[in-house]
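To start, the structure under review is shown below, and the notes come after it.
Protein chains in written order, with the working numbering: chain X, 7 to 376; chain R, 7 to 376.
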């Protein structure tokens with residue numbers, strides 16, 4: 007029987023994620039599986055939690071990886087804290103804000119969305135005005151909008167949301183490990199991320215954190231969480247405390263990978279990692295400029311790890327991506343929704359935020375645009 | 007910074023799962039990550055589906071791994087096919103039947119349970135009698151009850167369920183890859199399994215299959231599936247057809263692992279694999295008998311891959327497990343629920359269903375019981 011794994015090419019992953027997995031993480035994934043209730047595994051869980059708390063700058067005890075991809079993190083973030091009829095506000099300026107609205111509506115929340123242009127950040131003034139006449143149980147925003155390359159102004163948004171008493175829900179699937187994530191300073195109540203972006207780990211886990219206020223709402227529910235698999239009141243009994251009650255079998259080897267990924271980042275040092283992402287971004291922008299290519303997003307709110315590049319008139323954007331993949335073994339991303347056909351998305355995430363990677367993609371892009 | 011992975015011991019995993027991961031699967035997990043929309047990855051998805059269809063003996067086009075552990079498979083099985091008020095019957099003779107009831111109730115189904123003794127199989131006659139006066143939308147059963155070591159009589163149950171018109175839902179988290187799973191012959195409509203048992207792959211994916219009848223119920227829903235992450239109508243757009251619309255980022259490296267695991271089994275040949283499981287089981291039972299140890303379950307309905315062993319009077323069951331782990335690097339499982347303290351659970355799953363493994367656990371057990 008043929009082995010399809012053997013014919014898989016090695017591709018430089020410069021799309022919107024997954025990014026290239028760090029070699030130490032690949033090594034960790036292939037370690038022998040251990041039991042999910044083994045005392046040594048419990049220790050590893052505790053250390054993984056501690057590393058996550060450090061990287062996300064939070065003291066929330068409930069900080070752990072959810073057993074699914076970043077989208078499972080989103081599902082967890084809403085399903086535990088929404089009861090039917092709850093009022094949710096989603097700040098929407100890309101695919102992932104739109105997805106939040108869908109997730110929350112399925113859980114029978116009353117969802118309002120404040121819409122901002124795709125490619126522009128959330129406007130704090132409009133948010134402030136909107137909140138004058140409206141009260142919400144949850145206000146949700148995407149920190150790093152992977153579909154557009156926009157970094158939303160979390161400091162300002164947080165300062166507006168906090169006094170309203172709403173739970174503050176932040177998606178930083180693409181931000182964590184590439185730009186600062188400071189949950190406790192921002193006053194974030196519900197947070198999730200993904201492993202396959204700046205953590206340089208394969209997709210499959212969603213780092214997650216919930217504040218005491220969020221957990222108080224969970225405890226006060228009048229009905230069970232309508233999702234057994236993602237019920238944090240059950241999951242926390244396995245991840246916390248003395249008893250470690252079996253809930254579902256943790257994805258052991260993926261947790262090895264996440265632990266290794268977090269360790270790689272914190273060994274290098276957060277500041278150095280963020281500086282490396284900024285430098286790679288600046289190098290890319292300078293090189294794109296020389297090629298006559300422009301970015302979609304204004305400099306002040308660009309994500310360093312996800313660069314939305316305008317497709318020049320007369321260029322077949324899909325053909326360029328196909329050539330990059332076929333001739334240069336480089337994957338970049340297409341636009342989504344209203345940006346489909348209009349942008350490429352070039353990720354410089356985690357292990358790929360390095361000058362030699364920037365040089366390689368610029369050279370390949372130049373060749374494909376000739 | 008210390009690396010906790012380096013101090014992880016290598017343990018022989020003879021509990022109820024995870025089982026020891028096959029070396030080829032470990033190797034596959036550590037391969038470089040590729041993009042989830044890369045044409046080569048799409049090919050690998052198609053081949054993985056085909057291998058799953060072969061092993062589960064089904065032609066259902068919707069046969070794929072769900073991006074979560076076996077319990078996410080259970081959640082998927084209920085959340086897509088239940089609408090509030092639907093009538094569900096759960097055949098309950100262990101932890102996993104009980105869990106099904108909880109999952110279905112959270113989704114606002116009207117759930118009846120038929121209870122059978124833990125350690126005994128579902129009694130087809132009682133089921134037949136019960137169904138005379140009751141109509142259900144879904145009838146659910148656990149094929150291989152991991153909490154007790156019982157194999158439920160799927161042939162007989164299937165023959166009773168089919169004429170009722172209910173969707174037939176089967177959990178074979180522990181069965182798949184160790185005993186025959188013949189979905190189309192049984193007329194199973196909704197099926198899920200897990201990777202960490204007889205597939206000898208780490209936990210993290212749930213092989214899943216749904217029939218045309220089940221999908222017709224999904225299409226006829228009057229409300230959206232109240233779970234975006236596990237919505238099969240969206241997931242199938244990524245796993246099937248020409249468009250391969252992005253839903254969530256597939257857990258790439260875990261899919262490498264599952265593909266390798268399925269390939270290992272089908273290369274050896276299903277019949278040989280099942281015979282190997284039976285032989286290991288028989289060797290274990292003979293050896294336990296020599297040690298004066300008895301099994302909980304009657305011979306006719308024992309699972310070969312999960313052996314529930316009665317703890318003799320006067321023996322501290324937890325101390326034996328601790329000694330096996332500390333002195334022999336062997337993990338076995340404890341009893342759950344009403345069986346806690348009364349049984350050990352010895353798994354001989356996948357790569358561990360071999361005579362040398364049986365010899366090793368018997369020798370270690372003999373030493374610990376002295």
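By construction, the Cβ of each residue, glycine as well, lies at the ideal position given by its N, Cα and C atoms. Note that this is a predicted model, so its numbers are computed, not measured.
| Item | Value |
| --- | --- |
| contact_flag[the segment 269–287 of chain R, the segment 119–137 of chain R] where n(CB pairs < 8 Å) is 3 or more | no |
| Endpoints, the alpha helix (DSSP H) within which residue 46 of chain R is located | 45–62 |
| Chain R contact for residue 108 of chain X (CB, 7 Å cutoff) | yes |
| Contact list for residue 157 of chain X against chain R, beta-carbon separation under 9 Å | Under the 9 Å cutoff, chain R gives no residues; its nearest Cβ is about 21 Å from residue 157 of chain X. |
| DSSP-derived helix/strand/coil call for residue 87 of chain X | coil |
| Cβ-based burial, residue 296 of chain R [other Cβ within 10 Å; buried from 16] | exposed |
| Terminal residues of the alpha helix (DSSP H) in which residue 241 of chain R lies | 238–245 |
| Separation of residue 214 of chain R from residue 108 of chain R, as counted between CA atoms | 20 Å |
| Minimum Cβ-Cβ distance from residue 460 of chain X to chain R less than 7 Å | This structure cannot settle anything about residue 460 of chain X, because the visible part of chain X is limited to 7 through 376. |
| Residue 367 of chain R versus residue 336 of chain R - alpha carbon distance | 7 Å |
| Identity of the residue in X:176, X:156, X:141 and X:28 nearest residue 84 of chain X by Cα | X:176 |
| Residue 209 of chain X versus residue 258 of chain R - alpha carbon distance | 6 Å |
| Contacts around residue 159 of chain R, its chain only, beta-carbon distance under 8 Å, and the 5 residues preceding and following it disregarded | 127, 128, 130 and 307 |
| Proximity of residue 359 of chain X and residue 282 of chain X at Cβ, strictly below 7 Å | yes |
| CB of residue 100 of chain X within 7 Å of CB of residue 153 of chain X, strictly | yes |
| Contact the segment 48–61 of chain R vs the segment 250–265 of chain R: 3+ CB pairs below 8 Å | yes |
| Entirely enclosed alpha helix (DSSP H) segments - the segment 320–368 of chain R, minimum 4 residues | 323–334 |
| Local Cβ density within 10 Å of residue 223 of chain R, reported as buried at 16 or more and exposed below that | buried |
| Spatial distance of residue 69 of chain R from residue 212 of chain R (CA atoms) | 11 Å |
| CB contact below 7 Å: residue 74 of chain R versus chain X | yes |
| Residue 326 of chain R to residue 298 of chain R span [Cα, whole Å] | 15 Å |
| Counted within 10 angstroms of its Cβ, other Cβ atoms place residue 173 of chain X as buried (16 or more) or exposed | buried |
| Proximity to residue 220 of chain X [Cα-Cα], best of X:181, X:67, X:30 and X:52 | X:67 |
| Burial state of residue 169 of chain X (16 or more Cβ within 10 Å) | exposed |
| Inter-stretch contact at 8 Å, needing at least 3 Cβ pairs: the segment 347–363 of chain R / the segment 310–319 of chain R | yes |
| Assigned secondary structure, residue 214 of chain R (DSSP; H/G/I helix, E/B strand, else coil) | strand |
| Interface flag, residue 77 of chain R vs chain X, CB-CB below 7 Å | yes |
| CA-to-CA distance, residue 245 of chain R to residue 39 of chain R, given in whole angstroms | 18 Å |
| Partners in chain R for residue 65 of chain X, counting only beta-carbon separations shorter than 8 Å | Simply none; closest approach about 20 Å. |
| Straight-line gap, residue 76 of chain X to residue 249 of chain X (C-alpha atoms, nearest Å) | 28 Å |
| Own chain partners of residue 229 of chain X with C-beta closer than 7 Å, once the 5 adjacent residues on each side are dropped | 89 |
| From R:37, R:292 and R:161, residue whose alpha carbon lies closest to that of residue 361 of chain R | R:292 |
| CA-to-CA distance, residue 51 of chain X to residue 34 of chain X, given in whole angstroms | 14 Å |
| Sequence-distant residues of the same chain with beta carbon closer than 8 Å to residue 17 of chain X, five excluded per side | 331, 335, 336 and 337 |
| Any chain X beta carbon closer than 7 Å to residue 59 of chain R | no |
| Inter-residue CB distance, residue 6 of chain X and residue 73 of chain R (contact presumed, cutoff 8 Å) | Coverage of chain X is limited to positions 7 through 376, which leaves residue 6 of chain X absent and any answer about it impossible. |
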